[in-house]
Amino acid sequence: MRGARSAAAIGLAAITWAVRLVAVILVIATFNFILVRAAPGDPAQVMAGQSGAADPKILEDLRKEYGLDQPYLVQLGTHLKRVLSFDLGYSYRQRRPVLDLIMERLPATLLLTLTAFCLALLVGTTLGALAGLAAGSVVDTLFTVLSLLLYATPVFWLGLMLVLVFSVTLGWLPAFGYETINAKLTPIERVFDIGKHMIMPVVSLAAIYLAIYARLMRSSIIEVAHQDFIKTARAKGLAGPRIVVGHMLRNALVPVVTVAGMQAGALVGGAVVIETVFAWPGLGRLTFDAVLQRDYPVLLGIFLILSIIVIVLNLATDLVYRLIDPRMTTGAA
Amino acid sequence: MDAVRAFLRHPSGMAGLVLLLAVVALALLAPVLFPVSPWEMVGAPFTPPGEDGMWLGGDTLGRDVAAGVAHGARVSLVIGIASAFAAMVIGVVIGAISGYFGGAVDLVLMRVTELFQTVPAFILAILLVATFSPTLTTIILTLGAVSWPPLARLTRAEFLRLRKREFVEAALCQGEGTARIVLGHILPNAISPILVVTSLTVATAILLESALSFMGLGDPNQMSWGFMIGAGRTVIRNAWWMSVFPGVAILLTVLAINLFGEGLSDVLNPRVSRRRA
Amino acid sequence: MSGASDPAILSVESLSIALPKGGDRPFAVEDVTFSIGRNEVVCLVGESGSGKSMIAHAILSLLPKGVGISSGAVKVVGQDTARLDRRALRRLRGGEAAMIFQEPLSSLNPLKRVGEQIAETIVTHQRPVPPAAEIDARVQDLLGQVGLPNPPLLARSFPFELSGGQRQRVMIAMAMANRPALLIADEPTTALDVTTQRQILRLIDELRRERGMGVLLITHDFGVVADVADRVVVLRHGKVVEHGTVEQVLRHPREAYTRELIDAVPKAQVRSREDKSGAEALLRVEDLRKTFVVRRGWFRPPREVVAADGVSLTLHEGETLAVVGESGSGKSTLGRMIMRLTEPDSGAIRLGGQDLRQLRGEALRQARRGLQIVFQDPFASLDPRQKVGDAVARGPMAYGTSRAEAMEQARALLARVGLTPAAADRYPHEFSGGQRQRICIARALALKPRVLVADEAVSALDVSVQAQVLALLAELRREMRLAMIFITHDLRIAAEIADRVIVLQKGRIVEEGPTAEVFNRPREAYTRELLEAIPGRRFFDQPGIVEGVA
Amino acid sequence: MNRREFTAAILAGSAALPFGITRAVGQTRGGTLNTIIQPEPPVLVTALNQQQPTLTLGGKIYESLLKYGPDLKPMPGMAKSWEISPDGLTYTFKLFEGITFHDGKPMTSEDVVFSCMQVLTQTHPRARNNFARVASAEAPDPLTVVFKLKQPFAPFLGCFDCTSAPILPKHVYEGTDFRKNPMNDKAIGTGPFKLKEWVRGSHVHLVRHDGYYLKDQPYLDEIIYRVIPDAASRALALENGTVQLVQWSDIEFFDVTRFKKQANLEYTTNGYEYFAPHQWLEMNNRIAPMNDKRFRQAVMHLIDRDALNKRVYFGNAKIATGPISSKTRFYDGNVKKYEYSLDKAKALLDEMGLKPGANGKRAEIKYVVPPYGEVYQRAGEFFRQSFSRVGIDLVLVGTDMAGWAEKVGNWDYEMTQNLLYQLGDPALGVSRTYISTNIKKGILFSNTQGYSNPEVDRLFEEAAVALDEKKRQELYTKVQQILVEDVPVAWTLELEYPIFYDKSLKNVVTTAIGSHETFGVVHKS
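In structure tokens, the structure reads:
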């Protein structure tokens, strides 16, 4: 019956989140809009620039075409209406619907970020747990130093160094791109091909978070180790490993999961740099170009999508959190 | 005072402090060690390390990488510290108001904070800097603007915790005014975790700045480490030294600050030091 | 029932436990010797820091890192636990010897169903491991034995879903899982309400009888000792002060220290009090109501906790009114509402004609003068970064007294509450709990209030200190014609100090009246229950005890 | 000048190769050409966007009536012949038979008229100016196009390369919003190659257009343009043979020397004659001290353009002597010379009264760094150092493309760097920067520095309508002398972009537009 209760609770939580999502989307949409429109630089100008020596007529056409001649409030109104109908507008620079632009880049970014996220979480927590259990030992110090170093390394620089070593010097891994273009591979070969291209971007993106989670897990394990119920377990006569697996890990994971959720945004942000370094055909790169081009619709779209991704990731971690910790599902404590 | 003594006994903390002092010294002595502007093209482009008087080599225009690293230290530290301070001010004010008064104010402020946390900080930073054209000030303000939420949340938590503490309520019963209670009782007891997190914010700020200038969004008049790496990136195949050395500089500085900050946190308040990340 | 003849289940032989270097003393426990036979309950009594817990932990060699047995031995059913190898030790733990702790909540894994946690004990010790079905049966059986309702459901619950008492019962069930010969209970009831405490102690006693277990009970409460112990070991600073049967030790203590301790135990004996209800009413609380609403997510119905359900009371000049009740009865909330630290939903608090509830801002600030409070936790109620002198002087200064003058008074007051005037220039962390509570009292009195609210003001203190502080309060009250609202869970203390008593249950006043009446002729069942539960009451009520110590 | 030129503006090196298409024996059909497109173009429809990458790609898809040899003389494109009436007012073009669009529909003179007079005049600023001079355009029969001009326009025949006058299918665009036409994604032209797929952020895949009207062409089966934003990665790709052709700014100039040595690569700087990228330091003539001719002359003196070429452009440029590039027509080097001399510069500054202040500083000037890559950044840093030597503080202002466009377009700048294409004729590519009639606020690549001189206006106008070459040369020589004296902008370098291609490729560079060409004749040996 508890099962049922928690299921219901999770259901409710899901609805709660759905409502949140919409609310947040609207606010963020407005927020982004204001932010971007605060920028100097007339989009029509730029576009005109794109198409060679602009002249007043073309500028006018463009302003009309993209409603830039409307008052901001009107523009905002239309923007919000569109957002809710998932029409993210039309990019005059790319001359395509923003949603298409984003959608065709999204998979690459998701692949990159999610892989990095999982890698960081798995390896990070494992290392952290090992270090925490062996607190004070050589292994512990080793892990600690390692994670400290990773934690201090600029993402992009790590990427460059990897390229320097594994592509330039050793020539083991492809320095850029998402897959070997036009290679005419079998599906399996293709998977491996992509995997090969992924190694360096993923590693450099994951590094810092790996460090964070490792450090977090370590301290968390140490904290749990000092709690009364561990003493109980020992008083019960449980063997070391049993105590670790049966009583420590789950409890130690709780704070890590929480933080992991909060890190989602940062991770997506890191992707921008990494995608630039590795010419990864994802949203990150698109973002950067869009900013330089002042491609308002694209920018707004990307910000929205990224924010949604972050919220969804938060939701995911929240659910995981609920699964790990029964106190959440019944709203007690 | 015991805190100081305790810190002196904190090995990694001390290591960080020493390293940090070294970087600070480098920053301060830069004009002495390298009197010539780091922008001056003193040698031939692509001079490898050690040759014609440039022990860290020359860059694509024949500028001394060593001079760049030294002068870059100033920029990185200034930006790091200033923006962290900005973040602290914003964060503490918002967090304090939110935590002390609670209720609707709290609700609104926290939603705003969440909002800022939802938009990926770095992308927001790119946008802001690109929007208001990169200068030292805009970069500092931007980094401050994207780094405050954690500080606000921390301050809020601390205030919530302390506001309910008996000694605060006692002060209330003793007839002390809000201002006195906040400044005299709550803040002093909340400050140490805030300082710790701020010190760590310095590190993240430095990393963010380097990432920005790496992507060409730095102040073009400041020789910064990120800029150097960005400039050296394209030539990494022909001239590794241009991107390696500044990178090492960033790594060491950030490492130093983190070690220092963690030492501080272990000494001042184990509670926060466990929660941080 | 003295099991001296049979082989000892536990024998502690001139045990010394060394503390890590740089501690306040070299040994946590020094040369302690005692033993427990079958079916025998031995109590280790002592104030905090007497090293009683250390001994308990040493028995299952659960001592914290850096602390170790330096000499002597602990033998459980004949085997020296210090000499046992890992596996043998594990067989002992939870096998022959089981242990339960003070805080049942933190002692249970919050993320595991209690059933699993009990089953775990069985699985680890029974060889061959019994089939799942059998284990379940055993678990539910155990839960039943410790008197928990609906075992099947309970087995599936998580610790946070249970009450404090239930949790402790679960702990006991867990301990009983493998029919241990020895049960070590480290302050098993300190965190619980009196009534629950009583039930738990009963339970332990029953189980002991059934199984002829030896029980080592660690406590600071002579009442508990009086109720359950066969023999007592009195500890102080890690050394045995006195050792003997309950009769010997409690009735005819040989050592002065023991006597002090026993003396200090509030006897729940009402001395005759003059009835002050004639005096003019000072504070009137009328029909106070407060319901705490806990919001749980957006769609879940909020949980409501009624803290005050139409509470009315009157406090007369110089009168001491005790508000007693168990945790959750709303007694502290009542105090906080009177202090305007918690907003009531409705009702009135009339002090000298004006209704505090209507006051805001400066008016409220002015009104606060007349009302001061002393909190329970002496460690949390002083600003660690504020000098004691300032802490006391702040009040008067806030109301315009010059700093010099205020500090003058502060020094005087500190002296009055039994501290050296020099204390004014030191920081709280330099003082002991008792001293801090004295400082808090000084701080409260600095404003010459007419009403003092003491919220569990002595609960956190050791008995001896408790007695001293109570005495101090009594004196001050007479001196300053203070009216006092004394909030406490401990009826014995109420009996000691109060003129009138109010018994709260779930935010309702169930009984109210002069102390003597309430204690001697309780009208309500609930009150009777509470009185019944007072540990050691019967024992201490017997005449002669007072002479015994005199 | 415009965006495509700008993004393109990087390096070159010089070496003359024999031109003309090799009718190589054993010419092989088939094969794949892997090359680079950088940055990724927004669209492939050259009529809508004229950035360099768009043109490089679009050039394969869209053709025009003519092509231009290295000497900038017209050659047959889709028009196999043409004639000009003696009065220079009527131009008649005869088209090849059997030209078809990628969707199979035939291409007729109707499409030409439609494209030039209706589409381009709306979407293509340069073409807009050119065809504004046309009084009427007719298609008497499917293979004949006749343009009648309002008045003679000497360079009219120079307006029909595939970048200036791409031909679009009338049946697709007629009556639609050209910019939003969904078919833009399909990019339907008549070129030898057609779009197969475009994986954004990754690559563009072109395959041969089987219905191409020239026999056997194209020789290649497919061309793959990869998007590689990172310069180091591009270099790597060329080095390890992932790509067999790089153009424009694909390869950073400091790598040129390295690749010149790579055995399997052919290197040339030909194929840019039509554009002849011309670079300068732009000074806003409206603001003091730049409003003083002596200051601008001082600037010419204080920039060590030789060092600039060596350090920033690694020798892949030629020092510019004036407004017209030595690589294009009507150039005259016989003008006032400004050698590198700080003393002369200081003297001029002192003379105009711009004396060093207490801190030794004469002035502080804001320099907007064009956001088109590191080379511009470094050039800016180079200028800053140069100016500091005579006590002038150049403050670099970073900005994005939008910011730059707005600042320069609205004259809201003090100094910046700028670069123009010469487009084969001063009347097309040079005059626009100096004639006062082209001072148009809010418009980039016009006479943004605000230089105005009636004499110059007159000379340029006459030269534009004059039909006699010698007459034009005289006029242009005169203009050059005046301008070099006035220094409306401080000309720095004529950039020479490299083209590297694998030796196995033939006929890569055959015309004045080099890698923008249709590549119908390119083949593997």
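Quick note, the sequences are listed as chains A, B, C and D, same order. If you count the first sequence from 1, position 154 lands on 1020 in our numbering, and the numbers rise without skipping. If you count the second sequence from 1, position 218 lands on 277 in our numbering, and the numbers rise without skipping. If you count the third sequence from 1, position 504 lands on 916 in our numbering, and the numbers rise without skipping. If you count the fourth sequence from 1, position 334 lands on 858 in our numbering, and the numbers rise without skipping. Glycine residues also receive a C-beta, built at the ideal position from the N, C-alpha and C atoms.
In chain order, what residues of the same chain lie with their CB nearer than 6 Å to the CB of Ala65(B), ignoring the 5 residues before and after it?
-> The sequence position of residue 65(B) within the second sequence is 6, counting from 1. Counting only Cβ-Cβ distances below 6 Å, and skipping sequence neighbours, we find Val326.
Could you tell me if Thr991(A) is buried or exposed, where buried requires 16 or more neighbouring beta carbons within 10 angstroms of its beta carbon?
-> Along the first sequence, read from residue 1 onward, the residue named residue 991(A) stands at position 125. Classification of Thr991(A): buried, given that the 10 Å Cβ count is 16 or more.
Please state if the CB of Glu599(C) and the CB of Gln514(C) are separated by a distance shorter than 7 Å.
-> Here residue 514(C) refers to the residue found at position 102 of the third sequence. Here residue 599(C) refers to the residue found at position 187 of the third sequence. Contact: yes.
Taking a Cβ distance cut-off of 8 Å, strictly less, list which residues of the segment 254-284 of chain B are near chain A, in chain order.
-> Ala262, Leu266, Ser269, Ala270, Phe273, Met274
Could you tell me which chain C residues have their CB closer than 7 Å to the CB of Arg68(B), listed as they occur along the chain?
-> Residue numbering aside, residue 68(B) sits at position 9 when the second sequence is read from its first letter. Per Cβ cutoff of 7 Å: no residues; Arg68(B) is ~13 Å from chain C at best.
Where does the unbroken alpha helix (DSSP H) through Val479(C) begin, and where does it stop?
-> Residue 479(C) sits at position 67 when you count from the first residue of the third sequence. Careful: Val479(C) lies outside any alpha helix (DSSP H) and carries neither H nor E.
For chain D, is any of its Cβ atoms less than 7 Å away from the one on Pro90(B)?
-> By one-based count along the second sequence, residue 90(B) stands at place 31. Answer no: the Cβ-Cβ gap between Pro90(B) and chain D never drops below 7 Å.
Name the two residues that bound the continuous beta strand (DSSP E) containing His695(D).
-> Counting from one through the fourth sequence, the residue named residue 695(D) turns up at place 171. First-last for His695(D): 694-697, but that is the alpha helix (DSSP H), not the beta strand (DSSP E).
Gln936(A) touches chain C at which residues, Cβ-Cβ below 7 Å?
-> Position 70 of the first sequence, counted from the first residue, corresponds to residue 936(A). Neighbours of Gln936(A) on chain C: none; closest Cβ ~37 Å, over 7 Å.
With which residues is Trp606(D) paired in a DSSP beta bridge?
-> One-based indexing of the fourth sequence puts residue 606(D) at position 82. For Trp606(D), which the question treats as bridged, DSSP gives the partners Phe617(D).
Rounded straight-line distance, which links the Cα of Gly158(B) to that of Leu1015(A) | By one-based count along the first sequence, residue 1015(A) stands at place 149. By one-based count along the second sequence, residue 158(B) stands at place 99. Roughly 35 Å between the two C-alpha positions.
Using the rule of at least 16 other Cβ atoms within 10 Å of the residue's Cβ for burial, across every protein chain shown, is Ser739(C) buried or exposed?
-> Taking the third sequence and counting its residues from 1, one reaches residue 739(C) at position 327. By the 10 Å Cβ count, Ser739(C) comes out exposed.
Assigned secondary structure, Asp779(D) (DSSP; H/G/I helix, E/B strand, else coil) = Translated into the one-based positions of the fourth sequence, residue 779(D) becomes position 255. Correct three-state label for Asp779(D): helix.
Taking the alpha-carbon positions, what's the Gly765(C) to Ile909(C) distance?
-> Indexing the third sequence from 1 puts residue 765(C) at position 353. Indexing the third sequence from 1 puts residue 909(C) at position 497. Each residue's Cα considered, the two are about 27 Å apart.
Please compile the residues from chain C whose C-beta is within a distance smaller than 8 Å of the C-beta of Gln1093(A).
-> Position 227 of the first sequence holds residue 1093(A). Those are Ser518, listed as they occur along chain C.
Shortest alpha-carbon distance to Glu1041(D) belongs to which of Val728(D), His626(D), Glu797(D), Lys995(D)?
-> Stepping through the fourth sequence from its first residue, residue 1041(D) is reached at position 517. Checked all of Val728(D), His626(D), Glu797(D), Lys995(D); the closest Cα to Glu1041(D) is Glu797(D).
Ile265(B) (DSSP reduced to helix, strand or coil) = Here residue 265(B) corresponds to residue number 206 of the second sequence, with the count starting at 1. Helix, per DSSP.
Going by beta carbon distance, what residues of the same chain come within less than 8 Å of Gly650(C), once the five residues before and after it are set aside?
-> Position 238 of the third sequence, counted from the first residue, corresponds to residue 650(C). So the qualifying residues of the chain are Ile429, Arg437, Phe439, Ala440, Val441, Glu442, Val444, Ser462, Gly463, Met466.
Please compile the residues from chain D whose C-beta is within a distance smaller than 7 Å of the C-beta of Met100(B).
-> Here residue 100(B) is taken as the residue at index 41 of the second sequence, counted from 1. The contacting residues are Arg835, Gln909.
Between the Cα of Arg703(D) and the Cα atoms of Pro566(D), Asp874(D), Ala800(D), Ser1039(D), which residue gives the shortest distance?
-> Position 179 of the fourth sequence holds residue 703(D). Of the listed residues, the one whose Cα sits closest to Arg703(D) is Pro566(D).
Sorted by chain position, which residues of the same chain lie with C-beta nearer than 6 Å to Val582(C)'s C-beta, five sequence neighbours on each side aside?
-> Taking the first residue of the third sequence as position 1, residue 582(C) is located at position 170. The residues are Val526.
Closest Cβ-Cβ distance between Phe952(A) and chain D: below 7 Å?
-> Here residue 952(A) refers to the residue found at position 86 of the first sequence. Phe952(A) does not count as touching chain D.
For Tyr1044(A), does the three-state DSSP call read helix, strand or coil?
-> Translated into the one-based positions of the first sequence, residue 1044(A) becomes position 178. Coil.
Considering only residues of the segment 219-297 of chain B, which uninterrupted alpha helix (DSSP H) runs meet the minimum length of 4 residues and lie entirely inside it, listed in chain order?
-> 225-232, 246-273, 284-292
So is Ile295(B) in contact with chain A if we call contact Cβ pairs under 7 Å?
-> Position 236 of the second sequence, counting from 1, holds the residue named residue 295(B). Yes, contact with chain A.
Taking Cβ positions, are Val661(C) and Val636(C) nearer each other than 7 Å?
-> Locating residue 661(C) in the third sequence gives position 249, counting from the first residue. Locating residue 636(C) in the third sequence gives position 224, counting from the first residue. No; because the gap between Cβ atoms is not below 7 Å, this pair is not in contact.
Less than 8 Å between the CB atoms is what I'm expecting for Gly1167(A) and Val964(A), so what's the real figure, rounded?
-> What you label residue 1167(A) is simply residue 301 of the first sequence in a count that begins at 1. What you label residue 964(A) is simply residue 98 of the first sequence in a count that begins at 1. Between Val964(A) and Gly1167(A) the Cβ distance is about 4 Å, and since that is below 8 Å, they are a contact.
Short CB-CB distance (under 7 Å) between Ala919(A) and chain D | Mapped onto the first sequence, residue 919(A) falls at position 53. At Ala919(A), the pLDDT of 42 sits below 50, so the modelled position is not reliable; the number obtained from the coordinates is stated separately. For Ala919(A), the answer is yes, since a Cβ of chain D falls inside 7 Å of its Cβ.
Please report how far the alpha carbon of Pro610(D) lies from the alpha carbon of Phe617(D), in whole angstroms.
-> Position 86 of the fourth sequence holds residue 610(D). Position 93 of the fourth sequence holds residue 617(D). Rounded to the nearest angstrom, the two C-alpha atoms are 15 Å apart.
By the criterion of Cβ-Cβ separation under 8 Å, what are the contact partners of Phe778(D) in chain B?
-> Working through the fourth sequence from its first residue, we reach residue 778(D) at position 254. Within 8 Å Cβ-Cβ: Pro104, Phe105, Thr119, Val294, Asn297.
On the DSSP bridge assignment, give the partners of Glu924(C) in chain order.
-> By one-based count along the third sequence, residue 924(C) stands at place 512. According to DSSP, which records beta bridges pairwise, Glu924(C) is partnered with Ile914(C).
Touch test, the segment 833-846 of chain C against the segment 872-886 of chain C, Cβ-Cβ under 8 Å, three pairs minimum | yes
How long is the line joining the alpha carbons of Ala711(D) and Leu1030(A), rounded to whole angstroms?
-> Residue mapping note: residue 711(D) aligns to position 187 of the fourth sequence, counting from 1. Residue mapping note: residue 1030(A) aligns to position 164 of the first sequence, counting from 1. Roughly 39 Å between the two C-alpha positions.
For Gln803(D), which three-state DSSP category applies?
-> Position 279 of the fourth sequence, counted from the first residue, corresponds to residue 803(D). Strand, per DSSP.
Which one of Arg620(C), Thr670(C), Leu517(C), Gln538(C) has the shortest CA to CA distance from Leu604(C)?
-> Along the third sequence, one-based indexing puts residue 604(C) at 192. It is Leu517(C).
Nearest-angstrom Cβ-Cβ length linking Ala1072(A) and Ala982(A), presumed shorter than 8 Å = Residue numbering aside, residue 1072(A) sits at position 206 when the first sequence is read from its first letter. Residue numbering aside, residue 982(A) sits at position 116 when the first sequence is read from its first letter. So it is a contact: roughly 4 Å between Cβ atoms.
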